[in-house]
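Inspection log for the structure reproduced underneath, given as structure tokens.
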Amino acid sequence: MKYFIGSDHAGINIKDYVKELFEKAGHEVEDLGPFSNDRVDYPDFAAKVCKEVLANDGTKGILICGTGLGMSMSANKFDGIRAALCHNSYSAAMAREHNDANVLCLGERVSGYGTIESIVDAWNTHEFAGGRHANRVQKINNLMGSCRV
Ligand code: RB5
């Protein structure tokens with residue numbers, strides 16, 4: 011699977027580490043920046059990643075900021091994006107299995123390297139279960155208003 015990854019300045023230190031973890035799991039990862047430590051605004055990079063995910067069927071995204079909160083808030087404004095902020099492996103497993111999340115959000119200032127490895131491993135080893143969960147995910151599309159950025 012192809013992933014698009016982006017961060018802000020508060021998430022940039024673990025971006026390459028997370029990219030490598032996904033590549034080791036057999037995925038292709040395209041880095042959409044930033045590429046320096048200058049301060050940037052997380053919505054800009056959430057938008058870059060989400061637009062690519064929506065434009066390329068079958069792809070997913072990874073977004074990292076200090077807490078993961080700003081990235082997940084921004085990403086979930088896009089119709090068709092189901093961004094999951096995960097601080098532990100159980101949340102990551104359920105994000106894939108129950109919510110069919112297509113964007114993983116991480117907080118560099120919250121989660122250490124070992125926790126991030128376990129989150130990525132859980133994300134990559136769980137698939138959407140479908141069934142009753144598919145009905146619920148469909149309801150997100152049907153009931154919630156969309157807001158395109
Ligand atoms: C940047 O200082 C920080 O606010 C940002 O990375 C993120 O944590 C926001 O949700």
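Residue 99 in the numbering used here sits at position 89 of the sequence shown, and the numbers go up by one each step. Even glycine gets a Cβ: it sits at the ideal position worked out from N, Cα and C.
Could you check if residue i is buried or exposed, using at least 16 other CB atoms within 10 Å of its CB as the buried criterion?
i      : result
Glu118 : buried
Val159 : Reliability fails at Val159, whose pLDDT of 36 lies under 50, so the model's placement of it is uncertain and no value is given.
Lys70  : buried
Gly140 : exposed
Cys157 : Caution is warranted here: a pLDDT of 44 is assigned to Cys157, below 50, making its placement in the model unreliable, and the coordinate value is therefore given only provisionally. Classification of Cys157: exposed, given that the 10 Å Cβ count is below 16.
Ala94  : buried
In its own chain, which residues sit with a C-beta less than 8 Å from the C-beta of residue i, not counting the 5 before and 5 after it?
i     : result
Glu38 : Met11, Lys12 and Tyr13
Glu33 : Val39
According to DSSP, is residue i helix, strand or coil?
i      : result
Asp173 : Any property of residue 173 remains undetermined from this structure, which presents the chain solely from 11 to 159.
Val113 : strand
Cys157 : Model confidence at Cys157 stands at a pLDDT of 44, short of 50, so the residue's coordinates are unreliable and nothing is read from them.
Lys87  : coil
Gly68  : coil
Gly80  : helix
Output needed for residue i: all residues of its chain with C-beta closer than 6 Å, excluding positions within five of it in sequence on either side, in chain order.
i      : result
Met81  : Tyr52, Ala56, Leu73, Cys75 and Cys115
Asn134 : Ala35
Val147 : Asp110
Does the Cβ-Cβ distance between residue i and residue j come in under 9 Å?
i      : j      : result
Arg142 : Asn112 : no
Gly36  : Lys25  : no
Lys58  : Leu42  : yes
Asn86  : Ile129 : no
Ala132 : Arg106 : yes
Got a sec? Which residues, its chain only, sit under 7 Å from residue i by beta carbon, not counting five neighbours each side?
i     : result
Met83 : none
*Could I get the ranges of all uninterrupted alpha helix (DSSP H) runs contained in the stretch 19-65, with 4 residues as the minimum, in chain order?*
Those alpha helix (DSSP H) runs which fall completely within the stretch 19-65 and span 4+ residues are 25-34 and 52-65.
*Can you list the alpha helix (DSSP H) stretches of 4 or more residues lying completely in the stretch 117-156, in chain order?*
Counting only runs of 4 or more, we get 123-135 and 142-153.
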